[in-house]
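Here's the structure, in structure tokens; my notes come after.
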Amino acid sequence: VTRASAPCGPLLRWIQELVIEHVERTKLQAKLIASKLQLVSAEELETMAEADVAEAEASLSSAQKALAEREESLAKLSAQKATAEQAAQNLRKLEGLGSVAPTRPRRQEPLKAAAAAAVEVELEVSGTLAAVEQKLARLGVPFDVGSSTLLEGNAAQALALPRIADVLKEHRGKLKLQLEGHRDESEPQGLDLERSLAVYQWLVEIAGCSPGMLRLKGRAARAGNGRFAVPVPIQELVLRKGPLPPEQQQLGSCPFGIYFSEGSSELLPETLAVVTAMAKCLREDEYTVRIEGHAAKTEPSEVALQRSRAVRDAFLGLGVSRSQLQSESCKDFHPLSRSTNLATNRRVEVHIV
Numbered sequence: 001v002t003r004a005s006a007p008c009g010p011l012l013r014w015i016q017e018l019v020i021e022h023v024e025r026t027k028l029q030a031k032l033i034a035s036k037l038q039l040v041s042a043e044e045l046e047t048m049a050e051a052d053v054a055e056a057e058a059s060l061s062s063a064q065k066a067l068a069e070r071e072e073s074l075a076k077l078s079a080q081k082a083t084a085e086q087a088a089q090n091l092r093k094l095e096g097l098g099s100v101a102p103t104r105p106r107r108q109e110p111l112k113a114a115a116a117a118a119v120e121v122e123l124e125v126s127g128t129l130a131a132v133e134q135k136l137a138r139l140g141v142p143f144d145v146g147s148s149t150l151l152e153g154n155a156a157q158a159l160a161l162p163r164i165a166d167v168l169k170e171h172r173g174k175l176k177l178q179l180e181g182h183r184d185e186s187e188p189q190g191l192d193l194e195r196s197l198a199v200y201q202w203l204v205e206i207a208g209c210s211p212g213m214l215r216l217k218g219r220a221a222r223a224g225n226g227r228f229a230v231p232v233p234i235q236e237l238v239l240r241k242g243p244l245p246p247e248q249q250q251l252g253s254c255p256f257g258i259y260f261s262e263g264s265s266e267l268l269p270e271t272l273a274v275v276t277a278m279a280k281c282l283r284e285d286e287y288t289v290r291i292e293g294h295a296a297k298t299e300p301s302e303v304a305l306q307r308s309r310a311v312r313d314a315f316l317g318l319g320v321s322r323s324q325l326q327s328e329s330c331k332d333f334h335p336l337s338r339s340t341n342l343a344t345n346r347r348v349e350v351h352i353v
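When the count follows our numbering, it moves up by one through the sequence shown with no breaks and lands on 353 for the last residue.
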């Protein structure tokens with residue numbers, strides 16, 4: 001009996017170590033999720049504050065424009081009066097001469113963009129087939145009351161999650177989804193975003209989906225969708241043809257887009273040509289857009305917001321209304337490449353809201 005029970009001691013110690021390791025890992029994952037939630041919430045508050053500032057600046061700009069127009073009209077009237085008085089004096093002095101021909105005011109030339117107009121750029125607004133939208137609408141991931149836990153005996157979750165991953169993979173990088181988390185009024189704040197993050201982590205870490213194709217959004221209880229995380233297609237101003245900076249050209253399979261040099265938010269000549277074409281589209285169609293700045297994992301995270309604001313300022317200089325533009329930093333959370341092509345992550349995306 002003594003010899004037979006001898007292995008039980010090491011086996012028990014091994015099981016204890018395994019349990020301790022599992023508990024520690026669970027605690028670390030919980031801390032990581034809490035940190036990410038705090039970060040995303042802070043960024044949402046920053047975005048809302050920027051939107052309020054943009055609205056106030058737009059109102060101020062309108063008032064200043066109206067005042068400038070009135071002052072210009074008054075200046076023209078004063079100039080016309082002075083011209084008329086001078087003409088009357090000349091007529092009295094030089095009787096018999098023809099009246100002085102009025103001078104034609106000089107027309108101001110429109111401000112031209114600094115980008116070269118010779119570059120061919122093709123843009124389109126990404127769309128999703130109605131059948132795909134209906135399919136995604138039926139793939140809401142349900143959660144238990146007060147929970148953001150996935151796949152612990154929940155058959156509905158086990159059915160919905162792989163189907164969302166399949167839809168993403170079928171579109172081969174041409175579909176982006178915003179994972180919108182919801183909660184009931186009686187549930188704690190932040191649980192909506194936790195549910196969104198839980199679905200995001202499953203799709204990226206388990207299903208192998210690209211984090212560059214996914215975004216997170218907490219919808220609180222406003223939409224009335226209950227305890228769900230719902231995948232919603234993102235509309236984007238997509239570049240189908242255009243110039244690429246030399247570094248991205250060398251990659252061979254880099255999608256067209258708005259790219260930057262490492263650690264920089266300065267608009268490259270190729271980038272400026274794309275931004276100029278996008279500004280024309282925004283002026284004509286009056287879309288309200290979210291300008292997402294992204295950084296590679298090797299760069300300072302603050303450069304993402306600097307890139308977003310650089311593109312926003314370029315749009316403003318090209319005549320786009322400030323009320324149409326929202327700046328947002330995604331830092332390095334949504335890379336298009338997680339391996340060698342890090343240059344594709346130094347980018348800005350323009351999403352329609």
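A virtual CB, placed ideally from N, CA and C, is assigned to each residue, including glycine.
For G208, the closest alpha carbon among the candidates L168, D192 and R183 is that of L168. Bounds of any alpha helix (DSSP H) do not take in E180; it lies within the beta strand (DSSP E) bounded by L177 to G181. V199 is positioned such that its CB atom lies no closer than 9 Å to that of I234. DSSP places P269 inside the alpha helix (DSSP H), whose first and last residues are P269 to D285.
Under the DSSP assignment, K174 falls outside any beta strand (DSSP E); it carries neither an H nor an E label. Under DSSP, H351 takes part in a beta bridge, and its partners are E236 and R290. Apart from sequence neighbours up to five positions away, the residues of its chain that approach L267 with a beta-carbon distance below 7 Å are V275, A310 and A314, ordered along the chain.
Look at V320 here: in three-state DSSP terms it is coil, with no helix or strand label. For D144, the number of other beta carbons within 10 angstroms of its own is below 16, and it is reported as exposed.
Nearest to L37 by C-alpha distance, out of S78, L177 and Q201, is Q201. Between I258 and V350, the CB-CB gap stays under 9 Å.
No Cβ-Cβ contact shorter than 9 Å links L136 with L151. Here L318 is near A279, since their CB atoms are less than 9 Å apart. In this model, R138 and L60 are separated by some 45 Å (Cα to Cα). Rounded to whole angstroms, A304 and A54 show a C-alpha spacing of 19 Å. Contact between the region 247–263 and the region 218–225 is not established, with fewer than three Cβ pairs separated by less than 8 Å.
Around the beta carbon of H22, fewer than 16 other beta carbons lie within 10 angstroms, which makes this residue exposed. Bounds of the alpha helix (DSSP H) holding Q157 are A155 to E170.
The DSSP-derived three-state label of A42 is helix.
When rounded, the separation of the alpha-carbon atoms in S327 and E17 is 48 Å. In the three-state DSSP reduction, L150 falls in the coil class, being neither helix nor strand. D166 and G9 have their C-alpha atoms spaced approximately 47 Å apart.
In terms of Cβ geometry, C254 and G293 do not form a close pair [threshold 9 Å].
Between the alpha carbons of H182 and L12 lies a distance of about 43 Å. Within the region 211–260, complete alpha helix (DSSP H) segments of at least 4 residues are found at 246–249, given in chain order.
With respect to the C-alpha of Q324, the residue from D285, E69, G252 and F228 having the closest C-alpha is D285. Only residues of its own chain outside the window of five on either side were considered, and among them T344 and N345 have a CB closer than 7 Å to the CB of S337, listed in chain order. With fewer than 16 neighbouring CB atoms inside 10 Å of its own CB, M48 falls in the exposed class.
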